[in-house]
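Using the working numbering, read the sequence shown as starting at 910 and increasing by one per residue.
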Amino acid sequence: MKLCRIGDLGVEKPALIDHENNYRDLSLVIKDFDPLTLNFETLEKLKSLDLKELPTLDKNSRIGACVSNPSKFI
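Okay, structure coming up:
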């Protein structure tokens, strides 16, 4: 599972890159990838989704920072 954030600066949507390299919109499932939401519970929730049910995002969209407002970077 590859997670990313897609969209214009400041309005990125959480997304998942599926096995066919489509960007799948996760904004109806999770608000954003940030220190509060990026955890094992969220990952388990995402694993249980039927990816083909999720809307696709434009592949030409900007790929943003992987996490919004990180608390630490190691």
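We put the CB at the ideal spot given by N, CA and C, even for glycine.
Original post:
Cα-Cα, which of Met910, Asn931, Glu921 is closest to Lys940?
Top reply: The residue labelled residue 940 in the question sits at position 31 within the sequence shown. With distances taken between Cα atoms, Lys940 lies closest to Glu921.
Subject >> Leu966 and Tyr932 closer than 8 Å at C-beta >> reply: Looking up residue 966 in the sequence shown gives position 57. Looking up residue 932 in the sequence shown gives position 23. Against a cut-off of 8 Å, the Cβ pair of Tyr932 and Leu966 comes out as a contact.
Original post:
Quick one: Cα of Thr878 to Cα of Pro979, how far?
Top reply: With the chain represented from 910 up to 983, any question about residue 878 goes unanswered, as that position is not in the structure.
Original post:
If Leu935 and Leu963 are in contact, beta carbons under 8 Å, what's the gap, nearest whole angstrom?
Top reply: Position 26 of the sequence shown, counted from the start, is the residue given in the question as residue 935. Position 54 of the sequence shown, counted from the start, is the residue given in the question as residue 963. Between Leu963 and Leu935 the Cβ distance is about 7 Å, and since that is below 8 Å, they are a contact.
Original post:
Where do the N-terminal and C-terminal ends of the alpha helix (DSSP H) with Lys853 fall, by residue?
Top reply: Absent from the model: residue 853. The displayed extent of the chain is 910 to 983, so no value can be given.
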